[in-house]
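Chains as they are written, first to last, in the numbering used here: chain A, 154 to 444; chain B, 3 to 319.
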């Protein structure tokens, strides 16, 4: 009967009741994250309570102790986490900008001036993104040891640039492929040279794509763990490695603290997921699936 | 732009001083060199940071190099490959990985598909609810591992508490091999079902509504409508989701490494973790390289199939 009723509505449209049901399912799905966020606001004893407490008086203490730890003498000492967040942002930001500049130019060339064996190049480029990190990590580790890049900013930034490059090329190529070539042709007829066509005509049309690619690459880098684990030193350590070290603790994990770190770490990810919803499909498939 | 010029000049070795003359710039600016010139910086970066290391480890896989020893490695031919291929441990790890991939990808397809059906309609608050469901795949493996470690914790975990309500005893999921595998599979499937959902959703919204209207007139049964109208539109996307997730899950490292550490025993140790152990704990660098190449081979085969289907799909429509 409900189905009959729905048939009178515009096809594919549903009302608030449907929202409610979907909302409940979405919240159940989201629950592991929600629980972590709740735990971040609990006091130590609330976090350890059995049975687990769903209602409690929230506290911001955990967020404070992410950045400052009280010593026995009673003064607050900065923990390394400010540094780790700065590292993550700096390393991610620099490598994404580099990858985007190099990658956009290459993507434009792959799209407009196909080389001999263009598809083979594109395949090899995608394979370098698909290949298991474990395959390259051993030689890269050795390479970094020989050149002294291990533990330096420049080393990990270069590595992440290479890591983001295949993604940027595939994404940007898919955006360039979508453009209407007639506009460029008519610009050429009007006497614009190739550089002008690229900067004045093509680039402005893919700005949204450029932004989406940048943000996706930023998230990939922000989340990366294995390379960071092996190739960063104590000064260049990123948040994922620091978080993993925190769970490694033998003397019981401070779940409240850990939850607070994770919650802070997640904020940029949520904003991005919300803003980029339309580009998400293309982003997670490296530009191979557009529609 | 400065970046293009420096990398471009670097591409032509020793061109630095000649660049002023303008003759070289004109030469570089020729239309037939546009493609190669623009691609060069990217290919050089990829060569230095990816292809060269790959060749290096390919070379290593024929020697008996150990990263923690100073002795000069000697050439061993295919010994390492033979050792890896005949090692029962390697096959066990491949089996473990296979079980995790099979179970997790199946769950991802089922849940992804169901979630996609749910979100195929438009309804109030859809965008926000969709974000809640899509968020897991954008998270870092480390944070997902942390959520699930908390969730599975024998004394504090919700799971242990919920099961304890019925049995009266704390439930330790990670104590048994089967439980540990299930733990990894649940975490991985939770994280990546949204990916499948996104692909299926793209297929569902591309079905023209007039087809459903026609089916309505023909009084086609829901199952028939699904099979003849909906399914053809999502078929190729489902296949791509399956392949993509198989490739990615096959490389599974972080979740297992962080949730169970590969244990208990070695019950959740995937091939990627085993290769990591060989290389960085046992320092059998050459053997690890050989195993890494086996993994690479599988990934390359799967990637080519994936791209073949992508291209066929693009040509069709």
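Positions of the beta carbon are idealized from the N, C-alpha and C atoms, including for glycine. From a predicted model like this one, the values you see are computed outputs, not experimental measurements.
9 Å is my cut-off, CB to CB: does residue i come that close to chain B?
i, result
"residue 406/A", "yes"
"residue 158/A", "For residue 158/A, the pLDDT reaches just 44, beneath the cut-off of 50, and the residue's location in the model is therefore unreliable, leaving the point undetermined."
"residue 425/A", "yes"
"residue 384/A", "no"
"residue 172/A", "yes"
"residue 265/A", "yes"
"residue 347/A", "yes"
"residue 309/A", "no"
"residue 441/A", "yes"
"residue 430/A", "yes"
Starting from the beta carbon of residue i, find every residue of chain A whose beta carbon is closer than 7 Å, and list them in chain order.
i, result
"residue 278/B", "287"
"residue 52/B", "281, 289 and 315"
Quick check: the Cα distance between residue i and residue j, rounded to an integer number of angstroms?
i, j, result
"residue 39/B", "residue 338/A", "21 Å"
"residue 116/B", "residue 343/A", "53 Å"
"residue 190/B", "residue 429/A", "23 Å"
"residue 164/B", "residue 74/B", "58 Å"
"residue 301/A", "residue 248/A", "19 Å"
"residue 292/A", "residue 244/A", "21 Å"
"residue 250/A", "residue 278/A", "19 Å"
"residue 358/A", "residue 332/A", "8 Å"
"residue 145/B", "residue 415/A", "6 Å"
"residue 299/B", "residue 206/A", "49 Å"
"residue 130/B", "residue 94/B", "43 Å"
"residue 353/A", "residue 266/A", "18 Å"
"residue 111/B", "residue 135/B", "15 Å"
"residue 194/A", "residue 246/A", "30 Å"
"residue 66/B", "residue 295/B", "16 Å"
"residue 310/B", "residue 198/B", "19 Å"
"residue 397/A", "residue 340/A", "53 Å"
"residue 425/A", "residue 64/B", "45 Å"
"residue 256/A", "residue 276/A", "15 Å"
Is residue i close to chain A, meaning its C-beta is less than 9 Å from at least one C-beta of that chain?
i, result
"residue 226/B", "no"
"residue 147/B", "yes"
"residue 204/B", "yes"
"residue 129/B", "yes"
"residue 151/B", "yes"
"residue 6/B", "Unreliable placement is indicated for residue 6/B, whose pLDDT of 41 sits below 50; no coordinate value is reported for it."
Using a Cβ-Cβ cutoff of less than 6 Å, which residues in the same chain neighbour residue i once the five nearest sequence positions on both sides are dropped?
i, result
"residue 274/B", "253 and 255"
"residue 308/A", "297 and 302"
Using the beta-carbon of each residue, which ones in chain B are nearer than 7 Å to residue i?
i, result
"residue 437/A", "139, 197 and 200"
Can you pull the chain B neighbours of residue i, defined as C-beta to C-beta under 9 Å?
i, result
"residue 323/A", "The premise fails here: residue 323/A is roughly 11 Å from chain B at the closest Cβ pair, so nothing lies under 9 Å."
State buried or exposed for residue i, treating a residue as buried only when at least 16 other CB atoms are found within 10 Å of its CB.
i, result
"residue 157/B", "exposed"
"residue 212/B", "exposed"
"residue 273/A", "exposed"
"residue 210/B", "exposed"
"residue 321/B", "Here chain B covers residues 3 to 319 and nothing more, so residue 321/B does not appear."
"residue 435/A", "buried"
"residue 195/B", "buried"
"residue 314/B", "exposed"
"residue 317/B", "exposed"
Using the beta-carbon of each residue, which ones in chain A are nearer than 8 Å to residue i?
i, result
"residue 77/B", "In chain order: nothing, as chain A lies at least about 18 Å away."
"residue 158/B", "200, 201, 203, 205 and 408"
"residue 43/B", "255, 258 and 259"
Determine the chain B residues that contact residue i at a beta-carbon separation under 8 Å, and present them in chain order.
i, result
"residue 166/A", "123, 124 and 125"
"residue 215/A", "Here the premise fails: no neighbours, minimum Cβ distance about 14 Å."
Leaving out the 5 sequence neighbours to the left and right, which residues in its chain are closer than 8 Å to residue i when beta-carbon positions are compared?
i, result
"residue 183/B", "98, 101, 102, 105, 269 and 270"
"residue 178/A", "none"
"residue 373/A", "316, 317 and 320"
"residue 187/A", "180"
Along chain A, in chain order, which residues have C-beta atoms closer than 9 Å to that of residue i?
i, result
"residue 178/B", "Those within 9 Å of residue 178/B in chain A number zero; the least Cβ separation is about 21 Å."
"residue 257/B", "By Cβ distance, chain A contributes nothing, its closest Cβ being about 10 Å from residue 257/B, past 9 Å."
Spatial neighbours of residue i within its chain, please: C-beta separation below 7 Å, excluding the five flanking residues on both sides.
i, result
"residue 4/B", "Confidence at residue 4/B is low in this model, with a pLDDT of 39, below 50, so the placement of that residue should be treated as unreliable; the coordinate-derived value is given next. Taken in chain order, the list of residues that qualify is empty."
"residue 248/B", "103, 107 and 304"
"residue 327/A", "435, 440 and 443"
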